[in-house]
Each structure stands twice: as C-alpha cells, then as structure tokens.
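Some notes on the structure that comes next.
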C-alpha cells in the first residue's frame, strides 16, 4: 500500500497528514467490526424465529442478505441451521464469515497500532484471538445464543473503547465514515430481503406468526425497543420499513447513517482540506434527497427492491470513490462478485 499522504500539505497550521494506509485501515476496521455485530445479531434472531415458526426459508434468507448464494451452495446442498451457522461463523474459506472478518479486523488494527490506544489494541487482540480459535463444538445449537451474545457485546465494547480513546482527527473521521457506510449497507440488505420474504399473504396478515416475524426484523436491526417507543401500536410492514429507512432518531436507520456520512465528508473537506470529497458529498446528498422526498408508501409502490438495489449500488460507488480519492483501489479494494465491497488482504 502507498505511504503517500491522503491529501496535500495542509493549509491550517497544526494539522498533520494522515497516511493513506492508516485511512484505509481505520475505515475497514470499523466496517468489519460493525459487520461482525450485525451478522451475530442476524444469526441469533434467525435461530430464535426459525425455532419458533419452523420456517423453511429462514436460514436461506441469511445467505441472501449477504449475497453468498453461489459460494454457499458450492459446498452445501441445503441451507440448514448447522450449515449456515458454520459457514458464517467458523468457515475460514468464507470471506464473509465472522472468523475471517475477525482476522481482517486484527490485520487492520496491527497497521493502526501507532494510532490506537493500548486499551483499544488489547481488547481487539483478545477478541480476535478468541474468535479465530472457535471450532465446530463452539457453534452448536446449545451454545449459539450465548456465543452470539458475546460477539455482540465484544463488538459494542470495542466501539465504546474506540469512542472513548481514539484521538479526534482524520483517523476518527474515517472510522465513523466506515461504520456508517456499513450500517447503511446492512440495513438496506435486511429490508430488501426480509420484506419480500415475509410479505404476508391475505390469510396471514395480522396473525401471530406474521407479527413474530416482523418483530424479528426489528430485532435483527437492534430496533425493536426504539420502534415500540415511537410506534407502540404500529406494527405493520410499511411502518417498520419506514422506521428503518427514514427515522432520524434511530442510530441504525438509513437516514441517520447517510447524515453521518455526509457530515464526516464535510469535515474532511472543510477542516482538513480534502478537496476530493466534493463529488462524493454530492452523491451522498442525492441519496439523502431521494430518501427525504419520498414517503415509504411511495417507495414501496414504485418498487422497494429496485430502490434498495439502487441504494446499495450507490453505496458501493461511494466506497469506490473514497478508495480512488485517498488510497490505491487496485491494490486495496475489490468487488467480491457478490455485490459487496471488500478489502484485499495482502
């Protein structure tokens, strides 16, 4: 990776350049840790909902959310709890597995060792070593809930330590940028797949099973309590989609994530004179405008899948433009073919 500066010599006295490799590793550390937490929550919620309703399509939806159909079915005939859990937690040949992402997070943290606090490094070191030592006996049905709980808690501990100890300079901004790009991507994937999987038939509308499954969507996004606080009597598919897309008070909504991305890019462009941010800011602003100007009913009527697909393409383009602007994309980032942007681990 290049050792060149992310941007030319700063105009403002006292500001120091951030190396490209640090900017890249900071962003991807945030993305991988956010992705681990989201995946652990999705696995835990899917396990509970499938056990409760015996839905055949439950585990298949986890594969589709992550766009891993081709890779998964190269090695497994059917999407069962055992095969999907192993594939997404301990399969080192799956780049989207938790063990793989923990390894990537550790490698990025090692690059960032001069920048991050001792507390941050020690926690990441212990956490990633534990994850990489997980085996088949650790992911059985009897251990799955407690395993996912620890994964979520350790990721949240990482975010807390980072928030409390990482110096507020460009590294912090790239961290927040990566975290919110990942959240935006994850929430659109969840909505896209779950909405069409769970869209009820006329017989099932309002049934206990129907409400249970929509509750699981909220829990997958850590949104259940926030949603019930805002809409205690409004458990409908449209309300849930609208909350996850447009609610400015929920930290994982698409609207909130895009607002954070926009704000961070503005700080990089203004305070740190990163001139390459301008076209990326314009693209993010376009996303925010399209989201704000449409009601959720408009979005569903015009095609929820098509809109989510467009958002995901735009998010991939934003990530690509960030890479082109601040670090060599040929060396550092590639498309996996699944529609997800990944960091190449050299």
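In this note's numbering, the protein residues as written are 50 to 395.
Yeah, the Cβ is synthetic: ideal placement off N, Cα and C, and Gly gets one too.
With a Cβ-Cβ cutoff of 9 Å, do residue i and residue j count as a contact?
i	j	result
residue 287	residue 349	yes
residue 133	residue 121	yes
residue 86	residue 200	yes
residue 314	residue 269	no
residue 170	residue 203	no
residue 310	residue 367	yes
residue 247	residue 93	no
residue 231	residue 84	yes
residue 96	residue 261	no
residue 275	residue 292	yes
residue 142	residue 125	no
Sort the options by Cα distance to residue i and report the nearest one.
i	options	result
residue 182	151, 156, 203, 195	151
residue 72	144, 317, 246, 285	317
residue 299	322, 273, 282	273
residue 82	236, 223, 275, 227	227
residue 91	343, 148, 111, 278	111
residue 67	188, 321, 177	321
residue 233	74, 358, 343, 370	358
residue 158	144, 76, 189	76
residue 137	89, 372, 343	89
residue 312	222, 173, 69	222
residue 113	242, 285, 351	242
residue 474	189, 263, 277	This structure cannot speak to residue 474, because the chain is shown only from 50 to 395.
With 16 as the cutoff for other CB atoms within 10 Å, does residue i come out buried or exposed?
i	result
residue 206	exposed
residue 209	exposed
residue 24	Nothing can be reported for residue 24: it is not among the residues displayed for the chain, which extend from 50 to 395.
residue 265	buried
residue 175	exposed
residue 331	exposed
residue 391	buried
residue 191	exposed
residue 148	buried
residue 333	buried
residue 338	exposed
residue 195	exposed
residue 52	In this predicted model, residue 52 has a pLDDT of only 34, less than 50, meaning its place in the structure is not dependable; the value taken from the coordinates is given anyway. So residue 52 counts as exposed.
So, at 6 Å on beta carbons, what are the nonlocal neighbours of residue i in its own chain, with the 5 sequence-adjacent residues on each side left out?
i	result
residue 109	128
residue 374	325
residue 168	210, 214
residue 140	146
residue 79	224, 227, 228
residue 280	288
residue 105	Legend: pLDDT at residue 105 = 49, less than 50; position of this residue unreliable, no value from coordinates given.
Among the residues of its own chain, which have a CB less than 7 Å from the CB of residue i, if the five just before and after it don't count?
i	result
residue 295	302, 304, 340, 345
residue 336	307, 360, 363
residue 184	139
residue 118	112
Return the chain-ordered list of same chain residues with a C-beta closer than 8 Å to the C-beta of residue i, the five sequence neighbours on each side being excluded.
i	result
residue 290	240, 244, 345, 348, 349, 353
residue 328	370
residue 297	304, 305, 308
Q) Would the stretch 212 to 230 and the stretch 163 to 177 be scored as touching if the rule is three or more Cβ pairs under 8 Å? A) yes
Q | Sufficient close CB pairs (3 or more, under 8 Å) joining the stretch 183 to 202 to the stretch 154 to 161 | A | no
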